[in-house]
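Taken in order, these protein sequences are the chains called A and B.
So in the numbering used here, the last one in the first sequence is 588, and the numbering has no gaps at all.
So in the numbering used here, the last one in the second sequence is 674, and the numbering has no gaps at all.
Written below as structure tokens is the structure these notes are about.
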Amino acid sequence: MDLTTLTYIAVGLSFALYIGIAIWAKASTTGEFYVAGKGVNPVVNGMATAADWMSAASFISMAGLIAFLGYGGSVYLMGWTGGYCLLAMLLAPYLRKYGKFTVPEFIGDRYYSKAARIVAVICLIFISFTYVAGQMRGVGIVFSRFLEVEILTGLIVGMGIVFIYAVLGGMKGITYTQVAQYCVLIVAYTIPAIFIAFQLTGNPLPQLAFGSTVNGTGEFMLDRLNQVVTELGFLEYTTTSKSTIDIFAITVALMVGTAGLPHVIVRFFTVPKVRDARSSAGWALVFIALLYTTAPAVGAMARLNLTETIQTGEVGAEDGNLVFEERPDWMKRWEATGLLSFEDKNGDGRIQYYNDANEEFAAKAAEFGWQGNELKVDRDIMVLANPEIAQLPNWVIALVAAGGIAAALSTAAGLLLVISSGVSHDLLKGTFTPNMTEGQELMAGRIAAAVAILIAGYLGYNPPGFVAQVVAFAFGLAASSLFPVIIMGIFSKKVNREGAIAGMLTGLIFTMGYILAYKGVFFDPIIANTPENWLFGISPEGIGAVGMVLNFIVAFSVSRVTAEPPEHIQVMIEDIRVPKGAGGAVDH
Amino acid sequence: MDEQSAAYWKRNVKLVSVLVAIWFIVSYGFGILFVDALNSIEIAGFQLGFWFAQQGSIYVFVALIFVYVAKMNKLDREFGVREDDD
């Protein structure tokens, strides 16, 4: 059977499964729609959280990023896992004990202020839309590459599927489809990694193969990789060109941002008990770690494979490079997508791949008769092309396509749900039309989810030029606005309404202003985005860390000089600190 | 806050402080601040600092959460604040 047919079968079967689950898990109350009736087993919730969390970026892009960044890619590995420790120990159990439906609702209640709730909803909607646009784009790309359909067609199919299970099933439908999606994506991710690890080192476990010796040589993989890439003028794989302070700040922003992302936090509202919220965060991280400890191995192996495919012999030797006409089939297939390209600058019919930005090495390369780097590889293709590079059977490639779509859809659905609950529960029911019946609120939630899907689809099809830039926004804003006020709301009885609002606004405006100034969004950057210009040498990706610190300082200072929170709020804080007494779904 | 709850909260905060300190040392310490020093040690094909940044810290994160879960469950029972199964 050919690849396209197999891919249609794999993707079609996975879709049928998701729709079947959606019909089985239809939501009939707002409690089921927002938080799955608070009846989800903690292990199941952990798995759903993992799928919710691991987006198209984790599945498709991360290993490729690491392959080209080497040690510098560690910020994503630590940054996107370490936040779960903060969630488990500092947020999830207390928010579960508080026992309502949304993150802005907690902020509004704890700081006895509708204004605080509205500021939180605005942050939430902005963060979530930024994120969801990227997911829809990912769906479109996978469809167009593997199913050979127009991106628009792919988007419409993807939107249709999300529509069915998110709008009908709400959180309940999403939770159980996410479990299925996790299974699809983790199998799709690890199978090629295991095959490649075995081919390269004889050790099938990617986590260990990564530190094993390469077949046919006595060299450790990472030593060999360091040698191979430095011979071509690239930076040593196990080092980075980024400054320590920047690596530190980016890791903080990503970790804290993770713990402040509403679509992740809300997953811990769905479990029956406080102790389930704790263990559920642990299970989520176990399921996430399966992929996140595999990814750096995939990145290193892909970099080694790619480099050695092209540099077949000694660097500088006349026959040391791959003859263009003899390039493998997978290169030809990816050339068609434009994500891989070759230009024979010196007309020798061979491919030279090296770091021509390294002046010292470029001079040496000129002596070999090389006239510039001839290969361009988009790092997004590393995971998708991996099974082809390793010459795995077509069904593995089909599975990877289904896995990429599962990763994108599961995250998109989780985001759409928090957008819809933000609109129907926080804005309408909580602020503007408090007299709605439950049935009306449920309908409003469904309509909001449907509208959000259409907007997300539109953004996926017409990605505003700034999609890549705004990703830094999502984490930076979550880290600098939502996370500090939630954690202060639990761990301090003194922080009050005035402090929280001032803190949130400071964090938000500072972080947003910094990113806009260096990255530009609707306009050209105001300041050149180079390390010399950065505040303390911290890049816009890491600035959320500074925004977070400012938020804390401002909130504590303002709270000191204004009135203490009222008595009933202090009682509420004492109550959420103790597990006993958390009920089931709270109707209100 | 009654004395019992205050004592519970104090123990909780103490436990979390210890675990967060370990969390910080392993990721930010071993993986970032002291990475160069640790990279001079090579074990089983990995430079140690690099290994902590790309593998070790993640394993430690998982372990920390389960230690937290176990200790908190014990603490909940000790103070009689565990939610009942009814």
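For glycine and all other residues, C-beta sits at the position ideal for the given N, C-alpha and C.
Exposure of residue i, with buried meaning 16 or more beta-carbon neighbours within 10 Å
{"i": "Gly581(A)", "result": "exposed"}
{"i": "Arg665(B)", "result": "exposed"}
{"i": "Val586(A)", "result": "Bear in mind that a pLDDT of 43 at Val586(A), under 50, signals an unreliable position, so the number given afterwards is only what the model happens to contain. When all chains shown are included, Val586(A) counts as exposed."}
{"i": "Asp672(B)", "result": "exposed"}
{"i": "Trp24(A)", "result": "exposed"}
{"i": "Thr4(A)", "result": "exposed"}
{"i": "Phe475(A)", "result": "buried"}
{"i": "Phe612(B)", "result": "exposed"}
{"i": "Leu13(A)", "result": "exposed"}
{"i": "Gln642(B)", "result": "buried"}
{"i": "Asp246(A)", "result": "buried"}
{"i": "Asp52(A)", "result": "buried"}
{"i": "Ala317(A)", "result": "exposed"}
{"i": "His263(A)", "result": "buried"}
{"i": "Gln391(A)", "result": "exposed"}
{"i": "Gly372(A)", "result": "exposed"}
{"i": "Ser241(A)", "result": "exposed"}
Supposed contact pair residue j and residue i - C-beta distance, whole angstroms, cut 8 Å
{"i": "Met47(A)", "j": "Phe287(A)", "result": "5 Å"}
{"i": "Ile630(A)", "j": "Leu409(A)", "result": "The requested residue 630(A) does not occur in the structure, where chain A is confined to residues 1 to 588."}
{"i": "Gly633(B)", "j": "Ser212(A)", "result": "6 Å"}
{"i": "Val40(A)", "j": "Thr175(A)", "result": "6 Å"}
{"i": "Val298(A)", "j": "Pro206(A)", "result": "7 Å"}
{"i": "Gly598(A)", "j": "Arg379(A)", "result": "Nothing in the structure corresponds to residue 598(A), since chain A is present only between 1 and 588."}
{"i": "Ala398(A)", "j": "Leu6(A)", "result": "4 Å"}
{"i": "Leu147(A)", "j": "Tyr18(A)", "result": "The pair is not a contact, with the Cβ atoms about 17 Å apart (cut-off 8 Å)."}
{"i": "Ala284(A)", "j": "Ala502(A)", "result": "With a Cβ gap of about 33 Å, Ala284(A) and Ala502(A) do not count as contacting."}
{"i": "Ile125(A)", "j": "Gly422(A)", "result": "6 Å"}
{"i": "Val271(A)", "j": "Pro579(A)", "result": "That belief does not hold up - the Cβ atoms of Val271(A) and Pro579(A) are roughly 12 Å apart, past 8 Å."}
Residues bridged to residue i (per DSSP)
{"i": "Glu236(A)", "result": "DSSP output for Glu236(A) lists no bridge partner at all."}
{"i": "Thr213(A)", "result": "Phe220(A)"}
{"i": "Lys376(A)", "result": "Ser341(A)"}
{"i": "Arg96(A)", "result": "DSSP, once it has assigned bridges, lists no residue as partnering Arg96(A)."}
{"i": "Arg350(A)", "result": "Val323(A)"}
{"i": "Glu591(B)", "result": "Note: Glu591(B) sits in no beta bridge, so no partner."}
Nearest residue (CA-CA) to residue i, options the options
{"i": "Glu541(A)", "options": "Ile515(A), Asn533(A) and Asn551(A)", "result": "Ile515(A)"}
{"i": "Leu91(A)", "options": "Thr307(A), Gly257(A), Ala57(A) and Leu222(A)", "result": "Gly257(A)"}
{"i": "Val44(A)", "options": "Gly282(A), Val132(A) and Thr239(A)", "result": "Gly282(A)"}
{"i": "Pro104(A)", "options": "Leu428(A), Met54(A) and Thr177(A)", "result": "Leu428(A)"}
{"i": "Asp426(A)", "options": "Ile21(A), Val119(A) and Val11(A)", "result": "Val119(A)"}
{"i": "Ile543(A)", "options": "Pro328(A), Ile490(A) and Leu254(A)", "result": "Leu254(A)"}
{"i": "Ser128(A)", "options": "Ser539(A), His568(A), Ala363(A) and Ala478(A)", "result": "Ala478(A)"}
{"i": "Val187(A)", "options": "Gly404(A), Ser424(A), Met221(A) and Ile447(A)", "result": "Gly404(A)"}
{"i": "Gly173(A)", "options": "Glu231(A), Gln391(A) and Thr29(A)", "result": "Thr29(A)"}
{"i": "Ile141(A)", "options": "Leu306(A), Ala407(A) and Val264(A)", "result": "Ala407(A)"}
{"i": "Leu339(A)", "options": "Ala289(A), Val377(A) and Lys364(A)", "result": "Val377(A)"}
{"i": "Gln609(A)", "options": "Met301(A), Leu261(A), Pro484(A) and Phe268(A)", "result": "Since the displayed chain A opens at 1 and closes at 588, residue 609(A) lies outside it and no answer follows."}
{"i": "Arg560(A)", "options": "Ile509(A), Met572(A), Ala500(A) and Asn529(A)", "result": "Ala500(A)"}
{"i": "Thr102(A)", "options": "Val121(A), Cys85(A) and Lys114(A)", "result": "Val121(A)"}
Short CB-CB distance (under 8 Å) between residue i and chain A
{"i": "Glu591(B)", "result": "no"}
{"i": "Ser628(B)", "result": "no"}
{"i": "Glu671(B)", "result": "yes"}
{"i": "Ile613(B)", "result": "no"}
{"i": "Phe654(B)", "result": "yes"}
{"i": "Ala609(B)", "result": "no"}
{"i": "Ala595(B)", "result": "no"}
{"i": "Ser625(B)", "result": "The sequence as given places Ala at residue 625(B); Ser does not occur at that position. With 8 Å as the cut-off, Ala625(B) does not count as an interface residue toward chain A."}
{"i": "Val650(B)", "result": "yes"}
{"i": "Gly619(B)", "result": "yes"}
{"i": "Phe638(B)", "result": "yes"}
{"i": "Phe676(B)", "result": "In the structure as shown, chain B begins at 589 and stops at 674. Residue 676(B) is therefore absent and cannot be evaluated."}
{"i": "Val606(B)", "result": "no"}
{"i": "Asp674(B)", "result": "Here Asp674(B) scores only 44 on pLDDT, less than 50, and its place in the model should not be relied on; the value that follows carries that caveat. For Asp674(B), the answer is no, since every Cβ of chain A falls outside 8 Å of its Cβ."}
Cutoff 8 Å: residue i Cβ touching any chain B Cβ
{"i": "Tyr292(A)", "result": "yes"}
{"i": "Phe220(A)", "result": "yes"}
{"i": "Met78(A)", "result": "yes"}
{"i": "Tyr84(A)", "result": "yes"}
{"i": "Glu574(A)", "result": "yes"}
{"i": "Lys100(A)", "result": "no"}
{"i": "Ser279(A)", "result": "yes"}
{"i": "Met592(A)", "result": "One cannot answer for residue 592(A) here, as it falls past the ends of chain A, which runs 1 to 588."}
{"i": "Tyr8(A)", "result": "no"}
{"i": "Phe248(A)", "result": "yes"}
{"i": "Met504(A)", "result": "no"}
{"i": "Pro206(A)", "result": "no"}
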